[in-house]
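Scroll down for the structure; my scribbles are underneath it.
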Amino acid sequence: MRPELTEAQLLSVWETGDGQAPPARALLLAAAAAAPGEAVADLTLADLNALLLDLREGSFGAALPCAADCPNCDEPLEVSVTTDELRAPGRRNVPGPRRDPATLLAEGYEVTYRALTGGDLLSVDPASPEARRTLLSRCVVDTTPAADDLPEGVLETVAQRLADLDPGADTVVPLTCPYCRHAWTAALDVADYLWAEVEGYARRLLHEVHTLASVYGWSESEVLAVSPARRRFYLAATAV
Ligand SMILES: [Zn+2]
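One point on numbering: in numbering that gives the first Met the number 0, the residue at position 118 of the sequence shown is 117, and numbering is uninterrupted.
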């Protein structure tokens, strides 16, 4: 069964994450979907995405409407992708343990490296000029010979291998323009997408609370205890 955000969880996640940076929001959402006590900050980015896709499907369904402009002819497109299309092969539905580290040889170094985690993203200031280097350095578990400061070229080799170590860390949507047939892939950040939906839902819900509390004199918790279907009825009744 897919994890699902209750309205109470959704409001709480939104309230806590409002104003926070995207990695913090992604981890808040993941924590709402994870097993109790699971360290979501240690999940690789692909596992984090897998968990968030499950949460998205359980909470809002499998279809994700997207809007994009064709980079060739500028026509605005509206497409719908499914959570299955965004899931990395072999990873459906199962956030697993952190991927095993791998080893590569570059510029005379033997480098053991691991996949990036949400916790790594959270710990780095994206505005810092050193952000990329810091992130890549965090992936390096061990080197032979030992080195505190690896050459740029070695870290770039690590960067190129990360996608193979953690397929699904980047989610992309293949698109074809119906007007000019141009084909391209667009990145879709699952956490950002889900956050925008959570934010929209939370704001609509609070407006509903405001309206129903004003009209009927109910408290916030009384309004939230009313099912969404009944709330729609009462809201329609207030509009008559
Ligand atoms: Zn086009």
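The beta carbon of each residue, even a glycine, is placed where N, CA and C say it ideally should be.
Small disclaimer: the values here were computed from a predicted structure and weren't measured.
Alpha carbons only, please: which of the options is nearest the one belonging to residue i?
i: Leu196; options: Arg1, Ala25, Met0; result: Here residue 196 turns out to be Glu, not Leu, going by the sequence shown. Of Arg1, Ala25, Met0, the residue nearest in Cα terms is Ala25.
i: Val172; options: Leu54, Ala126, Cys65; result: Cys65
i: Leu52; options: Ala168, Tyr108, Ala145, Val123; result: Ala168
i: Asp99; options: Leu187, His206, Pro166; result: Pro166
i: Thr143; options: Leu164, Glu109, Gly36, Asp163; result: Glu109
i: Thr210; options: Val222, Tyr200, Gly199; result: Val222
i: Val12; options: Asn71, Ala62, Ala186, Trp194; result: Trp194
i: Glu74; options: Glu37, Leu120, Met0, Cys179; result: Cys179
i: Leu187; options: Ala34, Thr170, Glu6; result: Thr170
i: Leu204; options: Gly216, Ser226, Ala185; result: Ser226
i: Met0; options: Ala235, Glu6, Gly36, Gly60; result: Gly60
i: Ala238; options: Ala224, Glu219, Ala185, Tyr215; result: Tyr215
i: Leu135; options: Arg231, Glu151, Val80, His206; result: Glu151
i: Gly118; options: Ala235, Pro177, Arg137; result: Arg137
i: Thr5; options: Leu54, Asp83, Leu234; result: Leu54
What is the residue span of the beta strand (DSSP E) that residue i lies within?
i: Val140; result: 139-143
i: Ala67; result: 62-68
i: Pro100; result: Per DSSP, Pro100 belongs to no beta strand (DSSP E) and is neither H nor E.
i: Tyr108; result: 108-112
i: Glu77; result: 75-81
Determine the DSSP secondary structure at residue i, reduced to helix, strand or coil.
i: Trp183; result: strand
i: Pro21; result: helix
i: Thr170; result: coil
i: Thr5; result: coil
Please list the terminal residues of the continuous alpha helix (DSSP H) segment that includes residue i.
i: Val222; result: 219-224
i: Asp163; result: 151-164
i: Val39; result: Note, Val39: premise wrong, no alpha helix (DSSP H); not H, not E.
i: Pro227; result: 227-238
i: Gly216; result: No alpha helix (DSSP H) contains Gly216, which DSSP labels as neither H nor E.
i: Ser127; result: Looking at the DSSP string, Ser127 is not in any alpha helix (DSSP H), and its letter there is neither H nor E.
Just to check my reading of the structure: residue i and residue j have Cβ atoms closer than 8 Å, yes? What is that Cβ distance to the nearest angstrom?
i: Thr43; j: Ala114; result: 4 Å
i: Asp191; j: Pro22; result: Rounded, the Cβ-Cβ distance is 11 Å, inconsistent with contact.
i: Val140; j: Ala130; result: Actually they do not touch by this definition, with Cβ atoms about 20 Å apart.
i: Gly57; j: Glu3; result: 4 Å
i: Asn71; j: Val189; result: About 26 Å; that fails the 8 Å criterion.
i: Cys69; j: Leu63; result: Not a contact, Cβ separation roughly 19 Å.
i: Glu198; j: Arg230; result: The Cβ separation is near 19 Å, so there is no contact.
Would residue i and residue j be called neighbours here (beta carbons separated by less than 8 Å)?
i: Thr133; j: Ala40; result: no
i: Gly16; j: Leu27; result: yes
i: Ala32; j: Leu50; result: yes
i: Tyr200; j: Val157; result: no
i: Leu103; j: Arg160; result: yes
i: Ala87; j: Ala45; result: yes
i: Ala228; j: Glu219; result: no
i: Ala67; j: Ala185; result: yes
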